[in-house]
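Student: Below are the C-alpha cells for one structure; questions will follow.
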Amino acid sequence: MDITIPPHNLKRFTAAITCLGKIGKDLYLSFDPLDGLVLSSLNEAKSAFGKFHFDSTFFDRCSAPAVVVSASRSSASASSFLGRGRNTNGGGSNNTNNHNSEEDEDDEDFYDSSRYVCRVPVRSVHSVLRPRKGVCHLRIRSEGTDDSGNHFGLKNGKRRRRRNNRQQPRRDEGVGHEEGGDDNNDEQEEERRPYSSSARRRKKRRSNKKNNSDNNNNTAGNDKQSSSAAEKGNDKMMLSFEFVIERTAPNQNRNNNVMEGVNSSSTGGTFRVLHKVGVTDANGITLSASTRKRDRSEIVSPPKLWLRLLDPLRRTAEVALTVDDELKVVTATSFHPVEMQGGGVGGGGGNGSEENAVLQAAAAKAAVLKTETSTGTEEFDEYDFRNNRGRKKKRRRRGNDDDDEDSDDDDNNEDDEERAGDKAPPDVNQKVILVFSIKEAKAMLQFCAQTNSTFHDDGDALSILSFHWGGKPIVIETDGDSFSGELVLATLHHGMIASNITVGGRRESSG
Numbered sequence: 001m002d003i004t005i006p007p008h009n010l011k012r013f014t015a016a017i018t019c020l021g022k023i024g025k026d027l028y029l030s031f032d033p034l035d036g037l038v039l040s041s042l043n044e045a046k047s048a049f050g051k052f053h054f055d056s057t058f059f060d061r062c063s064a065p066a067v068v069v070s071a072s073r074s075s076a077s078a079s080s081f082l083g084r085g086r087n088t089n090g091g092g093s094n095n096t097n098n099h100n101s102e103e104d105e106d107d108e109d110f111y112d113s114s115r116y117v118c119r120v121p122v123r124s125v126h127s128v129l130r131p132r133k134g135v136c137h138l139r140i141r142s143e144g145t146d147d148s149g150n151h152f153g154l155k156n157g158k159r160r161r162r163r164n165n166r167q168q169p170r171r172d173e174g175v176g177h178e179e180g181g182d183d184n185n186d187e188q189e190e191e192r193r194p195y196s197s198s199a200r201r202r203k204k205r206r207s208n209k210k211n212n213s214d215n216n217n218n219t220a221g222n223d224k225q226s227s228s229a230a231e232k233g234n235d236k237m238m239l240s241f242e243f244v245i246e247r248t249a250p251n252q253n254r255n256n257n258v259m260e261g262v263n264s265s266s267t268g269g270t271f272r273v274l275h276k277v278g279v280t281d282a283n284g285i286t287l288s289a290s291t292r293k294r295d296r297s298e299i300v301s302p303p304k305l306w307l308r309l310l311d312p313l314r315r316t317a318e319v320a321l322t323v324d325d326e327l328k329v330v331t332a333t334s335f336h337p338v339e340m341q342g343g344g345v346g347g348g349g350g351n352g353s354e355e356n357a358v359l360q361a362a363a364a365k366a367a368v369l370k371t372e373t374s375t376g377t378e379e380f381d382e383y384d385f386r387n388n389r390g391r392k393k394k395r396r397r398r399g400n401d402d403d404d405e406d407s408d409d410d411d412n413n414e415d416d417e418e419r420a421g422d423k424a425p426p427d428v429n430q431k432v433i434l435v436f437s438i439k440e441a442k443a444m445l446q447f448c449a450q451t452n453s454t455f456h457d458d459g460d461a462l463s464i465l466s467f468h469w470g471g472k473p474i475v476i477e478t479d480g481d482s483f484s485g486e487l488v489l490a491t492l493h494h495g496m497i498a499s500n501i502t503v504g505g506r507r508e509s510s511g
C-alpha cells in the first residue's frame with residue numbers, strides 16, 4: 001500500500017479515524033489500488049460496525065508495491081498465499097512476473113499484491129494523526145514481512161543489506177585467543193627471568209591490556225546481536241506515516257536575517273516527520289446483518305438536527321427513538337436497563353412481599369433521570385415511512401408457479417418473517433420504537449457535521465437514517481466527493497421493551 005493524502009482531504013481522513021476510535025479498539029485497513037482504501041471497526045459487543053470507503057480519486061497517489069516471495073519457498077506456499085484473499089484477480093499464474101536471472105539479483109519471484117489487509121490499534125494511528133500546521137501531504141506506506149514470509153514495501157537494496165548483515169558471521173574470538181596465547185608465552189618467559197619490579201609492572205600492563213580487549217570483543221558481539229534483533233523487528237509488518245511539512249519564517253525574522261546577511265531559510269523550510277506503527281495480518285471483517293435498502297424507512301436530514309435531539313440526553317448509554325407516523329413526531333428518550341421487559345426491579349421471581357418491598361425501595365432510591373426531546377417530521381429534508389408492512393398483495397400467476405409475479409409486491413413478506421423469527425410488532429405501520437447505543441451514533445453524526453459530506457441547501461452535510469423496527473439494525477450513512485461512510489447499529493428487540501416509555505404525555509408500548 002502506497003497512498004498520498006492531499007492537505008484538503010486530510011481533515012476528512014483524520015475525522016474518520018476519530019469516529020472509528022469511538023466505535024472499537026482495533027482499526028482494520030483493506031486496500032486495493034483500484035477500489036481504494038476501506039477503514040472499518042467493530043466494537044467488543046459486536047453491536048456497532050463502522051466503515052469508511054475512500055475511492056482512489058481521494059488520494060494523489062494510490063498504488064501497491066510488488067510482493068516479493070523468496071525462491072526458497074515452495075510453489076505450494078506461493079499458491080497458498082495467493083488463495084488467502086489478498087489477491088482477488090483470479091488465477092495465480094496470471095499474477096506472476098517472471099524475471100530473468102540478470103535482472104533478479106536476489107533470485108526472488110514477484111507477485112502482484114492487489115489487496116492489502118491489516119489490523120492496527122486505533123489509538124496508535126490516532127496519536128500519529130494529531131493536528132499539524134503547514135502539512136503539504138501525508139504519505140502512508142506498508143512495509144515489512146507478513147505472516148507468510150512475503151516481503152513488501154522494501155527496496156531490493158535495503159532488503160539485500162539486511163540479509164547480508166544477518167548472514168555475516170559473528171566476530172570470531174580466535175584472535176583474542178591468539179593474543180592470549182602470546183601473553184601466556186610472554187608470561188612463561190617472564191617467569192624464567194629473574195623476578196624484579198620492572199617485570200611485575202610489565203606483567204600488570206599486559207594483563208590490563210588483555211582484559212580491555214576481551215571487554216571490547218564482548219561489547220561488539222552484544223551490539224551485533226542487538227542490531228540483528230532490531231533488523232528482524234523492522235522486517236515485521238508496519239505502516240509508515242510520513243508528513244511533509246512546510247514552515248516559513250516570520251517576516252520580522254526574515255527581514256532581520258536578510259539585513260544581517262544570514263540565510264533566511266535557516267528558520268524555515270520543508271521538514272519530513274516519519275512515524276512507524278506495527279500492524280498485524282488480518283482477514284478483515286464482514287457485516288453479517290441484513291441491511292436491505294428496498295424495504296427500509298428513511299429519514300434524510302442535516303446531522304446537526306439529530307445532534308440537537310441527542311445532546312440533552314445525559315447519563316444514558318442508550319436512547320429510545322420513537323418514530324410516530326400518525327402524529328408525525330420523532331421523539332428521543334433516555335433509555336435505561338430497568339425499562340426492559342422482565343428486567344425491572346420486582347418484575348417477578350421474588351420469594352416474598354418483604355423482598356419485593358425492599359427491591360422497590362432500592363429502585364425508588366436509585367431513580368434515574370429521564371429526558372425527552374422531540375421534533376416534527378416537517379423539519380427533515382425527506383421523510384419516508386413504510387406503512388404497508390405485513391400486507392399481502394394479490395399475485396398474478398402465469399403458466400408455471402416458478403414464474404409468479406406480484407403486481408404490488410410487498411418487499412416485507414410476512415411468512416418469511418415468521419420463519420426467521422423476526423415478526424414485526426402489530427403496530428409497525430403506525431410507529432416504531434428503536435433502542436440503540438447513543439455513543440456510536442453521536443460519533444457518526446459528529447463526523448457528518450465536521451466534514452463536507454453531501455451538502456444541504458444551507459451548506460450543512462446530510463445524513464441518512466434507515467430503519468425497519470425494533471430488533472433489526474439501523475444504518476446511518478453519508479457520502480461525499482470520493483468517499484462514503486456508514487454505521488450499522490443493533491437495536492433492542494421490540495418484545496423486550498417495556499410499556500412504560502411515555503411520549504408526549506401518553507404511554508407508549510411496542511409489541
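For the sequence shown, the residue numbers in UniProt numbering are 1 to 511. By construction, the Cβ of each residue, glycine as well, lies at the ideal position given by its N, Cα and C atoms.
Thinking C-beta only, is residue 24 closer than 7 Å to residue 41?
Tutor: Their beta carbons are under 7 Å apart, which means residue 41 touches residue 24 by this criterion.
Student: Identify every residue that forms a DSSP beta bridge with residue 496.
Tutor: Per DSSP, none; premise fails for residue 496.
Student: CB-CB under 8 Å to residue 26, same chain, minus the five flanking residues each way: which ones, in chain order?
Tutor: Cβ neighbours of residue 26 beyond the five flanking positions: 41, 42, 119, 120, 121 and 122.
Student: Going by the DSSP bridge assignment, what does residue 374 pair with across the sheet?
Tutor: Residue 374 is bridged to 331.
Student: If distances are taken between C-alpha atoms only, which option among 125, 56 and 115 comes closest to residue 283?
Tutor: Comparing Cα positions, the closest option is 115.
Student: With DSSP run on the structure shown, which of helix, strand or coil describes residue 12?
Tutor: Note: residue 12 maps to helix in three-state DSSP.
Student: Check residue 121 in the structure and name its three-state DSSP category.
Tutor: If DSSP states are grouped into helix, strand and coil, residue 121 belongs with the strands.
Student: Can you grab the Cα-Cα spacing for the pair residue 271 / residue 486, in whole Å?
Tutor: Roughly 36 Å separates the two Cα atoms.
Student: Going by beta carbon distance, what residues of the same chain come within less than 8 Å of residue 387, once the five residues before and after it are set aside?
Tutor: So the list reads 325, 429 and 430, once near-sequence residues are dropped.
Student: I'd like the list of long-range same chain contacts for residue 392, defined as Cβ closer than 6 Å, with 5 residues on each side in sequence excluded.
Tutor: The predicted model places residue 392 with a pLDDT of 49, which falls under 50 and marks its position as unreliable, so this point remains unresolved.
Student: Does DSSP put residue 491 in a helix, in a strand, or in coil?
Tutor: Of the three classes helix, strand and coil, the one that applies to residue 491 here is coil, per DSSP.
Student: Please name the residue in 305, 242, 53 and 369 whose C-alpha comes closest to that of residue 276.
Tutor: The option with the nearest alpha carbon to residue 276 is 242.
Student: Keeping to the same chain, check which residues put their C-beta closer than 8 Å to that of residue 379; ignore five residues upstream and five downstream.
Tutor: So the list reads 301 and 305, once near-sequence residues are dropped.
Student: Rounding to the nearest angstrom, what Cα-Cα distance links residue 45 and residue 238 in this structure?
Tutor: So the alpha carbons of these two residues sit roughly 28 Å apart.
Student: Would you tell me roughly how many angstroms separate the C-alpha atoms of residue 13 and residue 464, rounded to the nearest one?
Tutor: Rounded to the nearest angstrom, the two C-alpha atoms are 20 Å apart.
Student: Taking just the CA atoms, how far does residue 322 sit from residue 328?
Tutor: If you take the alpha carbons of residue 328 and residue 322, they lie about 11 Å apart.
Student: Pick helix, strand or coil for residue 36, following the three-state DSSP scheme.
Tutor: Correct three-state label for residue 36: strand.
Student: Where do the N-terminal and C-terminal ends of the alpha helix (DSSP H) with residue 305 fall, by residue?
Tutor: Looking at the DSSP string, the run of the alpha helix (DSSP H) that includes residue 305 is 303-310.
Student: Would you kindly work out how many angstroms separate the C-alpha atoms of residue 374 and residue 330, rounded to a whole number?
Tutor: Approximately 6 Å, taken between the alpha carbons.
Student: Could you check what DSSP says for residue 238 in three-state terms: helix, strand or coil?
Tutor: Correct three-state label for residue 238: strand.
Student: Which residues in the same chain as residue 2 place their Cβ atom closer than 7 Å to its Cβ, once the five residues preceding and following it in sequence are excluded?
Tutor: Within the same chain, residue 2 has close Cβ partners 61, 63, 64, 65 and 141.
Student: What do you get for residue 132, buried or exposed, if any count of 16 or more other CB atoms within 10 angstroms of its CB means buried?
Tutor: Label assigned to residue 132: exposed.
Student: Using the DSSP secondary-structure output, state which residues sit across from residue 62 in a beta bridge.
Tutor: According to DSSP, which records beta bridges pairwise, residue 62 is partnered with 3.
Student: Within the continuous beta strand (DSSP E) that includes residue 440, where are the two ends?
Tutor: First-last for residue 440: 438-450, but that is the alpha helix (DSSP H), not the beta strand (DSSP E).
Student: Let me make sure I understand the geometry here. Which of 319, 371, 285 and 451 has the alpha-carbon closest to that of residue 497?
Tutor: With distances taken between Cα atoms, residue 497 lies closest to 319.
Student: Assuming residue 315 and residue 369 form a contact by the criterion Cβ under 8 Å, report the distance between their Cβ atoms to the nearest whole angstrom.
Tutor: With 8 Å as the limit, residue 315 and residue 369 qualify as a contact, their Cβ atoms being about 7 Å apart.
Student: Using DSSP with H/G/I as helix, E/B as strand and the rest coil, what is residue 199?
Tutor: If DSSP states are grouped into helix, strand and coil, residue 199 belongs with the helices.
Student: Could you spell out the range, first to last residue, of the beta strand (DSSP E) harbouring residue 470?
Tutor: Premise fails: residue 470 is in no beta strand (DSSP E) and is neither H nor E.
Student: Under the three-state reduction of DSSP, which class applies to residue 18: helix, strand or coil?
Tutor: Three-state result, residue 18: helix.
Student: Run through DSSP, which three-state label would residue 397 get?
Tutor: Here residue 397 scores only 42 on pLDDT, less than 50, and its place in the model should not be relied on; the value that follows carries that caveat. Of the three classes helix, strand and coil, the one that applies to residue 397 here is strand, per DSSP.
Student: Determine, using beta carbons only, whether residue 139 and residue 4 come nearer to each other than 7 Å.
Tutor: In this structure, residue 4 lies closer than 7 Å to residue 139 by Cβ.
Student: Cutting at 6 Å between CB atoms, please list the residues of its own chain near residue 57, excluding the five before and the five after it.
Tutor: For residue 57, where only same-chain residues beyond five positions count, the Cβ hits under 6 Å are 482.
Student: Which same chain residues, not among the five before or five after residue 285, have their C-beta less than 7 Å away from its C-beta?
Tutor: The residues are 28, 40 and 42.
Student: Just the Cα atoms here: how many angstroms apart are residue 156 and residue 294?
Tutor: The predicted model places residue 156 with a pLDDT of 48, which falls under 50 and marks its position as unreliable; any figure quoted below should be read in that light. Answer to the nearest angstrom: the Cα atoms are 52 Å apart.
Student: With burial defined as no fewer than 16 other Cβ atoms inside 10 Å of the residue's Cβ, what is the status of residue 303: buried or exposed?
Tutor: Buried, because 16 or more other Cβ atoms sit within 10 Å of the Cβ of residue 303.
Student: Identify which residue in 49, 197, 333 and 299 has its Cα closest to the Cα of residue 287.
Tutor: Looking at the Cα atoms, 49 is the closest of the given residues.
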